[in-house]
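The sequence shown finishes on residue 401 if you use full-length UniProt numbering, and the numbering steps up by one all the way, no holes. Report on the following structure.
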Amino acid sequence: GPVAEAPRPLAGRHVLITAGPTHEPIDPVRYIANRSSGKQGFAIAAAAAKSGARVTLVSGPVNLPTPPGVTRVDVETARQMAAAVDAALPADIAIMVAAVADWRSAGEATQKIKKDGSGAPPPLQLVENPDILATLCKSDRRPPLVIGFAAETNDVIAHATAKLARKGADWIVANDVATHTMGGDINRLHIVSAAGVESLPELHKDAAAAALIEKVVDVLAR
Ligand code: CTP
Ligand code: CA
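Structure below.
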């Protein structure tokens, strides 16, 4: 018989997603990074596309295939990610999953930094990167639904609740990276919003993504 058409509850919506780490160059051969694999963000992009959304995925350096139906923009640094997010607006929903490097080197060396023989390490000055999520929330092009992520090792809900207010996001999705190591396939998400905390069970990142997108669809339908 005829194949039933999959429901497309996000048809006509533009979903903007950031994923992966950023790499902040120190010199031509070295950079500052973190352990983000990009898996959860890519899974969310795939789930949003499956639900019929137009999806822009701004990705830091990861080793993952682009999900079907997703427009991918590759970036390296936090500042490039900020520019790519801005260029992708307007969006109906923003989901900022990227583990943006908090700091970059104050002055990127144009040549490889060499040991000088004294045994003393080079002074590495750091400066804070722009906060892409907080900037988006304050912008006059703020999407109607903005979702941040927070990887925490301790006091997960308390830190996420503080971030919700500090960033101006509608939801902060917290995950405990002490029990679920970054880079793994399983996640336990806690969705923190003004309505309270909804904790999902331990799920494969694909299933966690589907559950999050289902909640987005529910909220938009209200
Ligand atoms: N984020 C961002 N730009 C940054 C830092 C963070 O857009 N420069 C976003 C992340 O993508 C995530 C949310 O902000 O959606 C929370 O990131 P997190 O690193 O947990 O927050 P920070 O404010 O950097 O706090 P912390 O000191 O705990 O790292
Ligand atoms: Ca951070």
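Where is the CB? At the ideal position from N, CA and C, for every residue including glycine.
(1) Taking C-alpha atoms, which residue in Pro200, Ala228, Lys291 lies nearest to Ala185?
(2) Please tell me whether, using a cut-off of 6 Å, the distance from the CB of Thr275 to the nearest non-hydrogen atom of ligand 1 is below it.
(3) Taking 8 Å as the threshold, find out whether the stretch 316 to 327 comes into contact with the stretch 347 to 366 through three or more Cβ pairs.
(4) What whole-angstrom Cβ distance do Ser249 and Arg283 have, given they're in contact under 8 Å?
(5) Would you mind working out which of Ala212, Val208, Ser238 sits nearest Phe221, comparing C-alpha positions?
(6) Can you tell which of Arg192, Cys316, Gly191, Ala224 has the C-alpha that lies nearest to the C-alpha of Leu236?
(7) Which term fits Gly217, buried or exposed, when burial requires 16 or more other beta carbons within 10 angstroms of its beta carbon?
(8) On the three-state DSSP scale, how would you describe Leu368?
(9) So what does DSSP say about Val325, is it helix, strand or coil?
(10) Say the cut is 6 Å; is the CB of Asp319 nearer than that to a heavy atom of ligand 1?
(11) The alpha helix (DSSP H) that contains Val335, what's its start and end?
(12) Quick one: give me the first and last residue of the beta strand (DSSP E) that Gly220 is part of.
(13) Among Thr314, Leu368, Asp319, Ala389, whose alpha-carbon lies nearest the alpha-carbon of Glu381?
(14) Cα-Cα, which of Ala198, Ile336, Asp364, Leu399 is closest to residue 404?
(15) Within its chain, find whatever has a CB closer than 7 Å to the CB of Val264; leave out the 5 residues flanking it on each side and keep chain order.
(16) Near Ala313, which residues of its chain fall below 8 Å by C-beta distance, leaving aside the five closest residues on each side in sequence?
(17) For Thr332 and Val182, I'd like the C-alpha separation in whole angstroms.
(18) Out of Val335, Pro207, Arg214, Asp385, point me to the one whose CA is closest to Thr289's CA.
(19) Could you check what DSSP says for Ala212 in three-state terms: helix, strand or coil?
(20) In terms of DSSP beta bridges, what is Pro200 paired with?
(21) Quick check on DSSP: helix, strand or coil for Ile205?
(22) Let me see if you follow: with CB-CB separation under 7 Å, is Leu236 close to chain C or not?
(23) Could you pull out every residue in the same chain whose Cβ sits closer than 6 Å to the Cβ of Phe328, ignoring the five residues on either side in sequence?
Here's the rundown:
(1) Ala228
(2) The sequence given here has Met at residue 275, not Thr. Yes, the Cβ of Met275 comes within 6 Å of a heavy atom of ligand 1.
(3) yes
(4) The sequence shown places Val at residue 249, not Ser. Not really, about 27 Å apart at Cβ, beyond 8 Å.
(5) Ser238
(6) Ala224
(7) buried
(8) strand
(9) Strand, per DSSP.
(10) no
(11) 335 to 346
(12) First-last for Gly220: 218 to 229, but that is the alpha helix (DSSP H), not the beta strand (DSSP E).
(13) Leu368
(14) This structure cannot speak to residue 404, because the chain is shown only from 180 to 401.
(15) Contacts found: Leu195, Thr197, Val237, Ile311, Leu315.
(16) Arg345, Lys346, Gly347
(17) Distance between the alpha carbons of Thr332 and Val182: 45 Å.
(18) Pro207
(19) coil
(20) Ala278
(21) strand
(22) Of the chains in the structure shown, none is chain C; there is only one protein chain.
(23) Val276, Val352
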